[in-house]
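Residue 1802, in this note's numbering, is where the sequence shown stops; the numbers in between run on with no holes.
We treat Cβ as the ideally placed atom computed from N, Cα and C, and that holds for glycine.
I have placed the structure first, in the form of structure tokens, so that the comments after it can refer back to it.
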Amino acid sequence: MVSTNPPAPSPAPLRLGPFELKALLGKSERCMLWQVLDTRNRQELLVALPRVKPADPQQWLQNARQAAKVEHPGLAAPAEIGYADPWPYIAYPRSLGLTVAERLTRHKQPAPVEVARWLERALDGLAMAHDAGLSHGDPQPFMLLLGEDGFAALLGIGLLGAGWQSTPEARQRRQAEALEDVLCLGLLTNRLLGGRAPLECTDTREVLMRLPPHGREFVRLGWERTHPVDEALRTIVNRSTATQPTHRYLQARAFARALEGWRERVQNPEGGMVAQLLDRLKRFGGLPVTRPEAVRQVLAGGLEQRHADELAGLVLQDLALTLELLRRVNLAQRREGGAGQPAVLNMARAISLLGLEELATAAQALRPWPGLLAPERVVNLRLALARAHQAAEVARRLAPAGYDPEVLRLVAMVQNLGRLLAQYHLPGECEQIERLQVPPEPTEEHPNPQPMSERAAAFAVLGCELDDLGLAALRHWGLGDELQAMARRPEPDQPIHHAHGDIEQLRLSCAMANELVDCLVQREPRKRRQAIEAVTRRYARALGLSLDDVQRALFPESAQAAVQHTLA
């Protein structure tokens, strides 16, 4: 029997002014995002709405339009700003991309390089907004649109902003909100890489309130994921949500630069911060004169009567002159068809091959101390140089008899080359790395806060290791595969095996010397002794050294005094 009842009428579509509401893409305590159809032109849009009506509609409209003038590829440009029914809204083209939740639902988990490119763009845009005195106020997963070919756009700048007031209270509020914006983008990075919401919560601000200093929970990138995340990227992402607020990124641009440095380094060994350093090496040279008195003696002339070893010792006092001379002699060797020959590393031989005139030319090419460095940053480079020279002396005492002391000194110094070049060419980044290595102030929840290691801090700031910078410089100067092999220290958690061959013996002897000298920065004698003993245990079996050997190498004056006391 056929029913004669008419079909039930379709429910009337939900409307907001001229917009037909199609789908709610996300909502938080502060805002929401709808996919809509604009009935005026049948165009699909995304409409962002605050959850609370502004007290002054005209002021909100003025502020939102002013915020829309901040242009950046990482900030979505509004298609329309207005009021409807009467509710404030900012509309965007639907074609900009998918929200984070849509992307994770519809596609395979994105590769880490893709995630880094998206977040770089968004963070750069956020930094531009912060520079203009704006904050986002609620960077939720539905407020970040992800497109193809690395396109990403952040929605909602101006939706919740406090306006352009310049009172101290307003500036302080915007500064606090800017820090929260950066933390929220860190949580979004974690979600994209990890494939699920941090703390199983999709609201980034709710997660934020559960982290210190508001709560006691913590967020770390998990290990169970489709695409492996290497140590450098993991360090960057974990720093963005660090338990200690002082260890987090304080600026969106610093977070973006770390991601950019990592991504470019992964895609190209000479990319990222390495590329920036190489560009500066081409324009400004390596290091400035580090021992002016030694260079003055070279430039004064009258060196013909000096013995080759004496000349070599004079040159080796200044690291910049040493590297410049080695660069020149190895470049000359390649030009003469010796590309397949081992690099020249012995300074006496380098001087013999080049001649005294070329030695003087090399000395004249160096920038006088302190070169490009601002006066307030000279101390840090001096301290780094002093530690490198001290490590070179310790390496000479630790190494077995028969090894060329010049080469030992050179290897110990170039194992510090990345640190020295960073102090000179990237002093701002070095300051960030040093701050991360200082333990935060203890709190009731964290009575014994731990600092970052130098390696982790470099990852978090540069996206690469400091050793990567030094190795890139050695390659750029053509200083041979052997020296590059000896220039990289073993990783901190890498077991030390017996040294097979001279290259490995030299590398490990100098690495141990550098780690021992690093121990001396410990101010408390007990901690210093424990650190020295730990390094000794790590290397002792591989190098056949005892704690007494190490003590004599580190403190030769004390050892000599003990011998004299015994004989007396």
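Nearest neighbour of residue i, chosen from the options [CA to CA]
i, options, result
"VAL1471", "VAL1695, ARG1775 and LEU1279", "VAL1695"
"ALA1691", "LEU1670, PRO1681, LEU1708 and LEU1703", "LEU1670"
"ALA1618", "GLY1589, GLU1665 and ARG1468", "GLU1665"
"ALA1257", "PRO1284, ARG1328, ALA1301 and LEU1295", "ARG1328"
"GLY1392", "ASP1319, ALA1363 and ILE1737", "ALA1363"
"LEU1283", "ALA1318, LEU1417, TYR1323 and GLU1382", "TYR1323"
"HIS1461", "PRO1288, THR1436 and GLY1428", "GLY1428"
"HIS1306", "ARG1760, ALA1356, VAL1612 and ARG1562", "ALA1356"
"ASP1638", "ARG1583, VAL1612 and LEU1615", "ARG1583"
"GLU1640", "ARG1630, GLN1649 and PRO1609", "ARG1630"
"GLY1735", "GLY1381, PRO1634, ALA1625 and GLU1538", "PRO1634"
"PRO1685", "LEU1379, ALA1476, ARG1340 and ASP1372", "ALA1476"
"ARG1514", "ARG1405, VAL1270, GLY1605 and SER1474", "GLY1605"
heavy atom of the ligand ZN below 6 Å from residue i C-beta
i, result
"THR1477", "No copy of the ligand ZN appears in this structure; indeed no ligand is present at all."
Residue i to residue j span [Cα, whole Å]
i, j, result
"HIS1448", "LEU1248", "38 Å"
"GLU1354", "LEU1389", "15 Å"
"ALA1534", "GLU1591", "12 Å"
"PHE1385", "ARG1351", "8 Å"
"LEU1330", "ASP1552", "56 Å"
"THR1469", "ILE1585", "44 Å"
"GLN1785", "ALA1733", "21 Å"
"LEU1193", "GLU1544", "With the chain covering 1235 to 1802 only, the question about residue 1193 has no answer from this structure."
"ALA1298", "TRP1496", "35 Å"
"ALA1596", "LEU1560", "10 Å"
"ARG1689", "GLU1725", "9 Å"
"GLN1343", "ALA1466", "20 Å"
"LEU1779", "LEU1632", "8 Å"
"GLU1451", "ARG1444", "6 Å"
"ALA1795", "ALA1787", "Low confidence applies here, because ALA1795 scores a pLDDT of 47, under 50, leaving its location unreliable; read the following figure in that light. Their Cα atoms are separated by approximately 14 Å."
"ASP1437", "THR1273", "31 Å"
"HIS1659", "GLU1263", "45 Å"
"THR1401", "LEU1280", "34 Å"
"GLU1414", "ASN1424", "15 Å"
"GLU1678", "GLY1652", "38 Å"
"ASP1783", "ARG1762", "17 Å"
"SER1687", "GLN1277", "53 Å"
"VAL1672", "VAL1612", "20 Å"
"GLN1764", "VAL1304", "54 Å"
"ALA1224", "GLN1296", "Residue 1224 falls outside the range modelled here, since the chain spans only 1235 to 1802, and no answer is possible."
"LEU1379", "ALA1706", "36 Å"
"ARG1340", "ARG1430", "14 Å"
"ARG1517", "ALA1594", "21 Å"
"PHE1253", "ASP1727", "59 Å"
"GLN1501", "VAL1270", "39 Å"
For residue j and residue i, believed in contact at Cβ under 8 Å, the rounded distance
i, j, result
"LEU1259", "LEU1267", "5 Å"
"PRO1479", "PRO1522", "At roughly 37 Å, the Cβ-Cβ gap does not stay under 8 Å, so PRO1479 and PRO1522 are not in contact."
"ALA1656", "LEU1703", "6 Å"
"CYS1265", "LEU1394", "6 Å"
"LEU1642", "ALA1486", "Not really, about 45 Å apart at Cβ, beyond 8 Å."
Helix, strand or coil at residue i [DSSP, three-state]
i, result
"GLY1260", "strand"
"PHE1452", "coil"
"VAL1270", "strand"
"ARG1561", "helix"
"ARG1249", "strand"
"ILE1766", "helix"
"ALA1386", "strand"
"PRO1639", "helix"
"LEU1279", "strand"
"TRP1321", "strand"
"THR1556", "helix"
"PRO1327", "strand"
"GLU1527", "helix"
"THR1469", "helix"
"THR1724", "Note on residue identity: the sequence assigns Pro, not Thr, to residue 1724. Note: PRO1724 maps to coil in three-state DSSP."
"THR1595", "helix"
"LEU1588", "helix"
"GLY1316", "strand"
"LEU1379", "strand"
7 Å Cβ shell around residue i - same chain, five flanking residues per side excluded
i, result
"LEU1565", "GLY1712"
"TRP1603", "PRO1522, VAL1523, THR1524 and PRO1526"
"ILE1737", "GLU1716, ALA1719 and MET1720"
"ALA1776", "ILE1730, HIS1731, HIS1732, ALA1733 and LEU1742"
"ALA1412", "HIS1364 and SER1369"
Residues of its chain near residue i, where Cβ-Cβ distance is below 8 Å and the 5 sequence neighbours each way are ignored
i, result
"THR1556", "VAL1549, LEU1550, MET1581, LEU1644 and MET1647"
"VAL1286", "ARG1264"
"GLU1663", "MET1507, ALA1656, VAL1695 and LEU1696"
Close-in-space but distant-in-sequence residues of the same chain around residue i (CB under 6 Å, 5 per side omitted)
i, result
"GLY1714", "ALA1577"
"GLU1822", "No information on residue 1822 is available, as it lies outside the stretch 1235 to 1802 that the chain covers here."
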